[in-house]
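These notes concern the structure reproduced below.
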Amino acid sequence: MKKQWKSLALAGALAGSLSLVAMKTDDRFFEIARNLDIYATLFKELNMYYVDEINPNRMVKTSIDGMLKALDPYTNFFAEDEIEDYMTMTTGRYNGIGALIGQRQNKSIVLMIYEGTPAEKSGLQIGDEILKIDGVDIKTRKDADTGKLLKGQTNTAVKLTVQRYGQKAPLDLTVSRDVVKMTNVPYYGMISEDVGYIDLKDFTATASREVRTAFQELKGKGMKKLVLDVRENPGGLLNMAIDICNIFIPKDSEVVTTKGKVTEWNKTYTALNTPLDLEIPIVVLTNSHSASAAEIVSGVIQDYDRGVLIGQRTYGKGLVQTTRELSFNTKLKITTAKYYIPSGRCIQAIDYSHRNADGSVGKIPDSLKTAFKTKAGRVVYDGGGVLPDVVTDAQTPTPIALSLTNKGLIFDYAVKYRQEHPTIKPAREFHLTDAEYQDFVKWSADKEYDYTTQVEKDLGTLEASAKKEKYFDQIQDQLKALKTKVSHSKDADMMTFKTEVRTLLEQEIAGHYYLQKGLKEASFATDPELKAALALFKDMGRYTSILKGGK
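Structure (structure tokens):
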């Protein structure tokens, strides 16, 4: 009898719990239906009675974007006319000419030309101002979208009218569109007798193949040590990160685990292939813009003690996105999980699920971070990106260098130099002479690029506080003397920070002749992280010590 009562009681409790779940589910569905009905009736009223005509597509897109903004920056809606941009983002391919166009002073300027593309073959040059596209004057047509006008079907021609520095009359160029593939590895090569370098800038669908090809070619050239650079890499496809890790770690090794609300989607991903190399010493270069898939690669290399990380703490994006197909050929890229690297740590730095009253979000505090261990027992932490084994200071540009760059004067002088000098030495060997640097100083003398240094800003704040708190009369003489002493002179700063400004000029000029490869090679001599990597490779005892937990 007691067993019967227990069974009845258990059945009753179970029925009650199921009823409660059903009620909660019904309540949730009711709330969703109620709010959707409110939205539909509101939109109907706006469409019927608002004083001006409403664009339905734009209004709905704006409302969707506003809703998703309350979640995280990576959950995005793609309308039907944005699907091409979405495909370019995931595949790195599009139909066009292969030039980066930017707006400067209301002009459409060619900022970069990609190697081997129709733009390069046609004779288009960095610095050219685009005036017309297929006869459309883009200066007078406010609605002209330069990017869309340049894109089109493969083997179709587009006629460009451009203004080139130093030439009075505009030039007409005909460019035949083709499939343009944005490379994930824009540069790789030997940077010393036995050190190879691979610059990995993205994780689109061919990233793994590009890294493998680069690695094998460098091995054939005598590479005994590798620098893998994932600085400024925003991430991309998860499977590409897994395949790239697989190049350096054993088959069947755990790479990353994803965990989210839909438990059926939780999965541990392992290395599926035979690695290319398990022994070669590796240095991975990171910075605060290394994110997502770049952090998986960095974290896995660190967790398996497979290489040494040098640079700054990575961005801290440990979120996984899944693309869902919606009606009318639209898509939703939605955050569905967090990823965890082999040590067990999640490196997501920001908690988007708990917002402050003002809608802002904060980084996970150090007190809530948890310690984990690498394969060799080194202590590492979660909750804030991947911290390199060798931390270097981020390079902060001086105010004059920042102003010259932001005002476009470094770029403009490179355009001028390119037209006045048909050829230059290879990018690694190219340097401006003192006379050429003085020419730049003279050329920029009448250009507008004034700036305020941080010291000047701080003195201004101090003066305002002194006046507010009635101390100004007592310290005004000292303030005046300090202002005189720290007041900057552009001419003086040109000489004080000559090395930095000249380096920026040399890199920009090299890029105008040798494109992306030129930009990269011209930076080698002054790259602090690369210098640190080469120094470490010359001290393999220290390299080994770091991987065992030393410094």
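Under mature numbering (1 follows the signal peptide of the UniProt record, and there is no 0), read the sequence shown as residues -22 to -1, 1 to 529, first letter to last. All C-beta atoms in this analysis are idealised placements derived from N, C-alpha and C, irrespective of residue type, glycine included. Being a predicted model, the structure only gives us computed values, none of them experimental.
Asked	Found
Should the segment 404 to 415 be regarded as contacting the segment 474 to 485, the criterion being three or more beta carbon pairs within less than 8 Å?	yes
Taking the alpha-carbon of Leu525 as reference, which of Thr431, Thr134, Gly285 has the nearest alpha-carbon?	Gly285
For a quick check, are the C-beta atoms of Ala219 and Ile274 less than 9 Å apart?	yes
DSSP has Glu107 in a bridge; who is on the other side?	Ile87, Gln141
Quick check on DSSP: helix, strand or coil for Lys526?	coil
Decide if Ile10 is buried, meaning its Cβ has at least 16 other Cβ atoms within 10 Å, or exposed.	exposed
For Val88 and Arg12, I'd like the C-alpha separation in whole angstroms.	51 Å
So, using beta-carbon positions, are Arg356 and Gly519 closer together than 9 Å?	no
So, with DSSP's three-state summary, where would you put Arg190?	helix
Residues in the same chain with beta-carbon distance under 8 Å from Ile79, minus the five sequence neighbours each way, listed in chain order, please.	Ser86, Ile87, Val88, Leu89, Ile108, Thr124, Gly125, Leu128
How close, in whole Å, do the beta carbons of Ile91 and Ile111 come, if the pair is a contact with beta carbons under 8 Å?	That belief does not hold up - the Cβ atoms of Ile91 and Ile111 are roughly 16 Å apart, past 8 Å.
Ile258 and Leu204 look like a contact to me (Cβ under 8 Å); what is the Cβ gap, rounded to whole Å?	6 Å
By the DSSP assignment, the beta strand (DSSP E) with Lys495 in it spans what residues?	Segment 476 to 501 is the alpha helix (DSSP H) holding Lys495; no beta strand (DSSP E) there.
Return helix, strand or coil for Lys229, following the three-state DSSP convention.	coil
Decide if the segment 308 to 317 is in contact with the segment 229 to 242; the criterion is three or more beta carbon pairs, one per stretch, under 8 Å apart.	yes
Does the Cβ-Cβ distance between Ile227 and Leu256 come in under 9 Å?	yes
Per DSSP, which one or two residues make a beta bridge with Arg71?	Lys159
Can you tell which of Tyr359, Phe56, Gln290, Ala470 has its C-alpha closest to the C-alpha of Asp43?	Phe56
Based on DSSP bridge pairs, tell me the residues matched to Asn54.	Lys311
In whole angstroms, what separates the C-alpha of Thr504 from that of Gln373?	11 Å
With Glu426 and Lys385 assumed to form a contact (beta carbons below 8 Å), what rounded beta-carbon distance in angstroms separates them?	7 Å
Rounded to whole angstroms, what's the CA-CA distance from Lys445 to Gln452? Just pull it up for me.	10 Å
Distance check for Ala122 and Ile32, CA to CA, integer angstroms please.	22 Å
Under three-state DSSP, which class holds Arg82?	strand
I want to see whether chain D comes within less than 9 Å of Gly74, judged by CB atoms only; does it?	Protein chains in the displayed structure number just one, and chain D is not present.
If you draw a straight line from the C-alpha of residue 541 to the C-alpha of Gln290, how long is it?	Past the edges of the chain, shown from -22 to 529, lies residue 541, and the structure says nothing about it.
Whole angstroms is fine: what's the gap from Ile169's alpha carbon to Phe502's?	8 Å
Does the segment 146 to 163 touch the segment 482 to 493, meaning 3 or more C-beta pairs lie closer than 8 Å?	no
In whole angstroms, what is the alpha-carbon distance linking Asp455 and Thr376?	28 Å
What does the alpha-carbon distance come out to for the pair Val163 and Arg187?	10 Å
What is the DSSP secondary structure of Met201, reduced to helix, strand or coil?	coil
Given Gly296, which residues of its chain have a CB within under 6 Å of its CB, disregarding the five upstream and five downstream residues?	Lys316, Tyr317, Cys324, Ile325, Gln326
Out of Asp469, Ser266, Ile378, Ser41, point me to the one whose CA is closest to Gln432's CA.	Ile378
What are the start and end residues of the alpha helix (DSSP H) that includes Gly125?	124 to 128
According to DSSP, is Leu(-9) helix, strand or coil?	Low confidence applies to Leu(-9): its pLDDT is 48, below 50, so where it sits in the model is not reliable, and the reading given next is rough at best. Leu(-9): helix per DSSP, three-state reduction.
Is Leu297 helix, strand or coil when you go by DSSP?	strand
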